[in-house]
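Asks: Residue numbers for the sequence shown follow numbering that gives the first Met the number 0, beginning at 0 and rising by one.
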Amino acid sequence: MALRKNQNFLSATEKKQFTDAVIALKAGGRDGNQYDQFVSMHNNNIPAGHFGPAFFAWHREYLIKFEEALQSIKNDQSLALPYWDWSVNQSQASSWPFTADFLGGNGNKDFQWQVADGPFAYNTGQWPLNVRSGSEPYPYLVRQLGDSRYAHSLPTWANVQDTLQATPYDVSPWNSISGSGFRNRSEGYIPSGSFGMHTRVHTWVGGSMTTWTSPNDPVFWLHHCFMDKLWAD
Numbered sequence: 000m001a002l003r004k005n006q007n008f009l010s011a012t013e014k015k016q017f018t019d020a021v022i023a024l025k026a027g028g029r030d031g032n033q034y035d036q037f038v039s040m041h042n043n044n045i046p047a048g049h050f051g052p053a054f055f056a057w058h059r060e061y062l063i064k065f066e067e068a069l070q071s072i073k074n075d076q077s078l079a080l081p082y083w084d085w086s087v088n089q090s091q092a093s094s095w096p097f098t099a100d101f102l103g104g105n106g107n108k109d110f111q112w113q114v115a116d117g118p119f120a121y122n123t124g125q126w127p128l129n130v131r132s133g134s135e136p137y138p139y140l141v142r143q144l145g146d147s148r149y150a151h152s153l154p155t156w157a158n159v160q161d162t163l164q165a166t167p168y169d170v171s172p173w174n175s176i177s178g179s180g181f182r183n184r185s186e187g188y189i190p191s192g193s194f195g196m197h198t199r200v201h202t203w204v205g206g207s208m209t210t211w212t213s214p215n216d217p218v219f220w221l222h223h224c225f226m227d228k229l230w231a232d
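Shown next, in the form of structure tokens:
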């Protein structure tokens with residue numbers, strides 16, 4: 000049975016088990032490069048999974064399918080997606096997933112913000128970005144942590160609590176301009192035109208995470224696993 004853990008509490012062995020499985024999925028499988036198929040799936044289903052009531056349900060099914068693919072390629076049914084609680088104090092080293100032994104660090108500002116360390120660095124030969132959106136010109140993982148003028152900080156615990164108290168789930172017109180509701184506040188479009196919660200995290204990480212092919216950055220799965228937890232909560 001798979002148990003999704005806060006990545007704060009993963010052991011070094013569990014971190015490596017997760018990253019090894021992700022890299023194995025990228026390298027191939029019974030259906031070819033399965034990881035890139037998931038990137039394409041997200042890119043090709045923008046209206047279905049975003050800007051409306053299906054946001055949480057679509058991404059929950061997406062996470063489940065990805066988790067099952069990781070389990071299958073490693074023949075390990077206990078393998079689970081970890082989640083990143085980005086609302087905690089980021090000065091605490093244990094709360095930081097962007098380390099060389101896990102997801103790799105920030106991009107190098109002098110080299111188009113290319114991620115140069117960790118298992119997903121381009122120079123390892125393990126992580127070429129084969130499926131890219133028009134706004135993602137480089138074949139390597141890009142991050143610009145906190146560099147965006149739209150998101151200099153991550154959502155706080157207070158933001159999370161405010162969102163969890165929002166009711167009902169969604170309201171007319173059931174899209175990004177819905178003026179209230181848990182779904183649109185979580186997705187990040189309340190107040191109208193803002194970058195909050197889910198969208199703010201994508202924007203704060205920057206680079207590859209700001210595109211529709213955002214699953215190219217493995218932190219996507221940890222971010223959405225936490226979003227899924229908030230829906231469950």
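For each residue, glycine too, the CB sits at the ideal point set by N, CA and C.
(1) Confirm, please, whether the CB-CB distance from W126 to P118 is below 9 Å.
(2) Identify every residue that forms a DSSP beta bridge with G106.
(3) Taking only runs of the alpha helix (DSSP H) that begin and end inside the segment 9-44, which ones reach a length of at least 4 residues, in chain order?
(4) Please list, in chain order, all residues of the same chain as I22 whose beta carbon is under 7 Å from its beta carbon, the five residues on each side excluded.
(5) Does the separation of the CB atoms of L78 and F17 fall below 9 Å?
(6) From S171 to F54, what distance separates their C-alpha atoms?
(7) With DSSP collapsed to three states, give me the class of Y61.
(8) Can you give me the C-alpha to C-alpha distance between I72 and E13, rounded to a whole angstrom?
(9) With C-beta atoms as the reference, is S213 less than 9 Å away from L153?
(10) Under three-state DSSP, which class holds V159?
(11) According to DSSP, is V218 part of a helix, a strand, or is it coil?
(12) Based on the DSSP output, what are the partners of V141 in its beta bridges?
(13) Look at F65 and F37 and say whether their C-beta atoms are less than 9 Å apart.
(14) Alpha carbons only, please: which of S94, N122, P52 is nearest the one belonging to S10?
(15) Is the beta carbon of G106 closer than 9 Å to that of V141?
(16) So what does Y168 bridge to, in DSSP terms?
(17) Could you work out which residue in W230, A231, E60, P217 is closest to Q6 when comparing CA atoms only?
Replies: According to the structure shown:
(1) The answer is yes: Cβ separation under 9 Å.
(2) V114
(3) List check, alpha helix (DSSP H) in window: 11-26, 33-42.
(4) P118, Q125
(5) yes
(6) 15 Å
(7) helix
(8) CA-to-CA, the gap between I72 and E13 works out to about 16 Å.
(9) no
(10) Reduced to three states, the DSSP call for V159 is helix.
(11) helix
(12) Q113
(13) Using a Cβ distance threshold of 9 Å, F65 and F37 count as a contacting pair.
(14) S94
(15) yes
(16) BP columns for Y168 are empty, so no partner.
(17) P217
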